Amino acid sequence: MGYIAGEYDVAVIGAGHAGVEAALAAARLGCATVIFTINLDSIGNMPCNPSIGGTAKGHLVREIDALGGEMGVAADANLIQCRMLNRGKGPAVHSLRAQIDRREYSKYMKYRLETTENLDIQQAEVVKIERLGERWRLLTHLETEYIAKAVIIASGTYLGGKIYIGDLVYESGPDGMFAANRLTRSLSELGISIRRFKTGTPARALRSSIDFSKTERQPGEEPVIPFSFETKEKLENRVDCHITWTTRKTKEIIEKNLSRSPMYGGRVRWVGTRYCPSIEDKVVRFADKERHQVFIEPCGLHTEEMYLQGLSSSLPVDVQLEFYRTIPGLENVKIMRPAYAIEYDCCDPLQLSATLEFMDYPGLYGAGQFNGSSGYEEAAAQGLVAGINAALKILGRPPMILDRASSYIGTLIDDLVTKGCSDPYRIMTSRSEYRLVLRQDNADERLTPIGRRVGLVDDLRWENFRQRQEAKKRERKRLKETVLPPTEQLNRLLVSCETTPVSTGVRLEDLLRRPQLDYQKLAPVDSQRPELDPMVREQIEVEIKYEGYIRRQRAAIDELRRLESRLLPDGIDYSEIKGLRKEAQEKLNRIRPANLGQASRISGVSPADLSVLVVWLGSRGRAENSES
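With our numbering applied, the sequence shown corresponds to residues 9 to 636, in that order.
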């Protein structure tokens, strides 16, 4: 063993999106923190796509920001194009997605770590961790030892990483970085269940080799809407993206070479991402489709690399180049980095509690792709929660547990630790039962008070939040009390918007309820309106238009929280509870739910099993009362 190089409250293994948020949260809460990375130049790296946000992922970024995390601020600082997805659908699924300068983003996050008090950075591979009484010992490949009260594993796709390109297989992390090949054995020796997942990334192409005249230009949207509630400066779209499509010839080449694919050739049996399939997966699974969409996206302002979204592949390089050149605009494309698949080790998240601490290993936490998820945003959200909870435990404070009704972060974590995942987990709006309440526009209202209680929301941010809430309250009152007379101007406007004119006075609030009208359209007849933060205006409009639906969802949330208030004691042996089916006993003993609400969401626990638990809890409570 080596010499002890340092003793810390929290040690974070990995400096990707999960590790960065975990380390910043723990350090900002006053814990002496160290973060390990195989390469300092890979901090906050974006090895897959050069973007942040997207459907439901944009919600996560807003929620991270509302709690006091860094991803939203960093994304705004390095944004080069932004669009709001799902504009044609309801507000519950509107999601921001931004193209990011990936190198500048990485530099930004590295500097944030370097300048954060209580935080040290070490370029080293952690090869072993072991219990040392109530603390943990970490050994690096440099034969240095570190002692920590809590450890957060945020290893991304580095842990046991293997790259697959056709018949070529070699040990590697993403982007050609070294893999972390020795830590898995240490985790297995501890008793942690490890499995293998797979993800992939498309090729990068040289901009000058692409004929953009054969593609469809996709500009950013104006005005640019920021991720962070604290971003005040005006952001600008600085680049265009482009769209093209695969062809019948593309499909033929891929079908002809499927035997050269590692998966379809039978050489490996990965568990890959269900919702982000490779191009060969698309060709096989959607055999009736003649073409598939391809997005050509810039990787930054100071690079000629273009990202070919939609063309993830693990086919050999010669096949990749052949099928790329059948796509309009890519006939003469030059590939700078080929597409590849990467296989890596991760844990079974059913071993974790809702704090992301391993139930059988106090002080050990998991975050990000190590927990079986995929995506930068999912990783950052888990890193933030793990970092907060590790720090709170060390500080002797109650944990922060976000339920499904509070946030998409809560939904993500509850899905992982209650239902588990058989393939890399990706957040989607359809995963939430309460998505009309969990909109991205009101993330601050839902979570900033929690971030304040935890200690990550400083005085300035809290005052800004309080002022937004006061402005919202005043405006709701004004809209309710302001009555517009049935003037000719008002009725002309209503008719022009294809809605019914009025013959008596009408409240502004009632006009806003009409689907044909919004704040902007009512401006000519609402001369007394105050200047409002666009996010506040959006919140008000959505709440007024969907008031009835929101009320029903809040009733469902009340029922959820009623169930979650019924706590299940630690150490229950469910096999001794009569009336529970065998499958329910096994699942409950394995997952060990904290309350009836979590128990109700476990696959294999039926409503009848839940009734048995309710009766058992009642009889147990009566027995305890009679003894006292």
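Beta carbons are placed, not taken as given, at the ideal position from N, Cα and C, and that holds for glycine. Given the structure is predicted, the values throughout are model-derived calculations rather than measurements.
Counting along the chain, threonine 258 sits inside no beta strand (DSSP E); it lies in the alpha helix (DSSP H) bounded by residues 256-264. Annotation: the continuous alpha helix (DSSP H) that includes leucine 75 extends over 65-75.
Taking arginine 246 as reference, the option from Ala211, Pro306, Glu288 and Lys222 with the minimal CA-CA separation is Pro306.
Taking the CA atoms as reference points, aspartate 128 sits about 11 Å from lysine 118. Across the set Leu455, Leu571, Asn53 and Glu15, the C-alpha of Leu455 shows the shortest separation from the C-alpha of glutamate 71.
Proline 493 counts as exposed, since fewer than 16 other C-beta atoms from the protein chains shown sit within 10 angstroms of its C-beta. Sequence-distant Cβ neighbours of valine 465 in its own chain, meaning closer than 7 Å and more than five residues away, are Gly76, Thr456 and Gly459. Cβ-Cβ separation between alanine 74 and threonine 437: approximately 18 Å, too far for a contact (criterion under 8 Å). Contact annotation, leucine 146 with alanine 156: C-beta distance approximately 7 Å; criterion of less than 8 Å satisfied. Per DSSP, the unbroken beta strand (DSSP E) holding isoleucine 160 starts and ends at 152-161.
The C-alpha of tyrosine 16 lies about 55 Å from the C-alpha of threonine 334. With three or more CB-CB distances shorter than 8 Å, the stretch 288-301 counts as touching the stretch 239-256. Segment contact: the stretch 281-291 against the stretch 358-366, fewer than three CB-CB distances shorter than 8 Å; contact not assigned.
Per DSSP, reduced to three states, the secondary structure at arginine 474 is helical. In terms of Cβ geometry, glutamate 385 and leucine 121 do not form a close pair [threshold 9 Å]. Proximity to arginine 215 across Thr45, Ile261, Ile343 and Tyr348 peaks at Ile343, based on C-alpha coordinates. Secondary-structure assignment with DSSP links proline 306 through a beta bridge to Met314.
Counting only runs of at least 3 residues, the stretch 94-161 fully encloses the following beta strand (DSSP E) elements, listed from N- to C-terminal order: 103-108, 127-131, 134-140, 143-148 and 152-161. Annotated three-state conformation of phenylalanine 205 is strand, per DSSP. The distance from the Cβ of isoleucine 88 to that of leucine 316 is about 17 Å, inconsistent with a contact at the 8 Å cut-off.
When C-alpha distances from serine 217 are compared across Glu313, Ser511 and Thr239, the shortest belongs to Glu313.
Boundaries of the alpha helix (DSSP H) harbouring serine 608: 604-608, taken from the DSSP string.
The distance from the Cβ of glycine 391 to that of histidine 25 is about 7 Å, consistent with a contact at the 8 Å cut-off. Taken atom to atom, the span from the alpha-carbon of proline 532 to that of glycine 418 is near 42 Å. Per DSSP, the continuous alpha helix (DSSP H) segment holding isoleucine 396 begins and ends at 384-402. Listed in chain order, the non-local C-beta contacts of histidine 149 below 7 Å within the same chain comprise Ala132, Glu133 and Val135, local neighbours out to five positions each way being set aside.
With respect to isoleucine 108, asparagine 86 sits close: the two C-beta atoms are nearer than 9 Å.
The beta-carbon separation of isoleucine 160 and alanine 30, rounded to 5 Å, stays under the 8 Å limit for a contact.
By the neighbour-count criterion, in which a residue is buried when 16 or more other Cβ atoms sit within 10 angstroms of its Cβ, lysine 264 is exposed. Going by DSSP, aspartate 84 is part of the alpha helix (DSSP H) stretching over 79-85.
Secondary structure remark: continuous alpha helix (DSSP H) runs of at least 4 residues inside the stretch 511-543, in chain order: 516-521 and 527-530.
Here glycine 376 is not near alanine 34, since their CB atoms are 9 Å or more apart. Residue state for glutamate 298 is assigned as coil, using DSSP reduced to three classes. For isoleucine 409, the closest alpha carbon among the candidates Gly62, Ile43, Arg569 and Ser504 is that of Arg569.
One alpha carbon belongs to arginine 345, the other to alanine 23, and they sit about 23 Å apart. Between the alpha carbons of leucine 319 and tyrosine 116 lies a distance of about 29 Å.
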